[in-house]
Every structure is written in structure tokens, then in C-alpha cells.
Amino acid sequence: MMKPLFYNPNLLPDVSVAIVEIDTSGQILKAEAQSKFARFAANIAANENLEIIKTELGKPLAKNSDLNLSLSHSKYWGAAAVSKHHLLGIDVETLENRIERIAHKFLHPQEIESITQNRIEMLTLYWSAKESLYKLYSKKQLDFANQLLIKPFELNNEGELFTSIKIDAQTEIKNITLKYKFFDTHVLTVASLPQEMLIS
């Protein structure tokens, strides 16, 4: 059984976002089942029934539609963002202590230095934000620590981050809008970029 947990048709300009919560009576679902609920969230965000397929790189596409979309899921949540004119990356993560064990793999040294309090929340937000950036670009493998960059920020319940994607030594995509919002046990991040601004 599913119920809409969050819906905002204008979380960002031209970006609609929905989250559904999955009532499994305590049972943890497999990733394949969680993915179905993310697709259900996409239908809510788009306000229509979408036929969603995947590219060879695993990026979701709405068949016979001009909508851009991105999907995410985490345990009991499925999330989706849709837009007509913006490329998207969405991620939802559960707040868990184990994020400490992998932080060195996805954080730049300067980002590590910026974390002075609320470590689990900060680390999870960094991870989720970089996942959203990775999904937005979706063209090649990227080094999370050195190519997906986030400027220092003050942690709030919700806000925006200043981010960039460093493609190579000469090329960097800046001005990517990234919105975040904390819930009791999760954090949501959504990255958005006008599609004409994408650099290969």
C-alpha cells in the first residue's frame, strides 16, 4: 500500500517533485520493488500515467513524452522529479550512521573540513546531493570526490546548495540549482539545469 508523502509541483522552476511512502508492515522491499514505487511517484509528479523505460546507461525516460525525469528510492520511500525544460537528478537517502564508513570515498578534503557538527545529517546531505548531480549529468563515469563539488554551506532543514560538475581540467558546469529538504528520517535532494546548458 502506498500513500503520497510529499508533493510540490513547483519545488524548483519548471520542476515537479513527489514522494510516496510504502506501507510494508515492517518488511524491507527488494530494490526492484522499490523502483516500482519510484515510478508511481513519477506519475504523481507528472499528473499523468507515464510509460517509463531505461537507456543503456540506466537513465529513466518517459516514452512518447517530452518530459525529463529522475527517480530514486530508499527503503520505504519512492521519489521522482519531472520537468519539461530542465535536466534533473533526484535522490532520497535514509539517515544512517554507516555513512561515516564511506565518507572518504565521495568527499573532497575541503568538504570534509567543512563538517564540524551534525555529522550524519551533513554527510548524508553531501552524498545525496552528489548522487543527484551524477544522475543529472548521466553521460559518463564521474569521480564523486573530485568532479562533483559542493561549496561550504550552513545546514538548515531545507535550502539550496551551490554546486558544480568538473568534467575535465578545462570544463566545468556551474550554476546547477540544487534544492534539499530534510524529513524525520530522510533527506531529499533535487538538482536542476536548463537542458541547453549541458556540456558533454
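Going by our numbering, the first residue of the sequence shown is number 1, and it counts up by one from there. We treat Cβ as the ideally placed atom computed from N, Cα and C, and that holds for glycine. Remember, predicted model here, so these are calculated numbers, not experimental data.
According to the DSSP assignment, residue 193 belongs to the beta strand (DSSP E) that extends over 186-194.
Closest option to residue 17, judged by alpha-carbon separation, among 72, 36 and 139: 72. In terms of Cβ geometry, residue 181 and residue 154 do not form a close pair [threshold 7 Å]. The C-beta distance from residue 93 to residue 74 rounds to 6 Å, short enough to fall under 8 Å. In the DSSP assignment, residue 137 falls within the unbroken alpha helix (DSSP H) covering 119-137.
Going by C-alpha positions, residue 150 is about 18 Å away from residue 199. Collapsing the DSSP output to three states places residue 73 in a strand. For the 7 Å CB-CB criterion, residue 138 and residue 187 do not form a contact.
Within 10 angstroms of the beta-carbon of residue 57 lie fewer than 16 other beta-carbons, which makes it exposed. Short of 6 Å from the beta carbon of residue 144, and not among the five residues preceding or following it, lie these beta carbons of its own chain, in chain order: 106 and 130. Here residue 173 is not near residue 163, since their CB atoms are 7 Å or more apart. Considering only 21, 55, 22 and 79, the residue with the shortest C-alpha distance to residue 46 is 79. Boundaries of the beta strand (DSSP E) harbouring residue 162: 158-166, taken from the DSSP string.
Out of 169, 142 and 135, the CA that lies nearest to the CA of residue 86 is found in 135.
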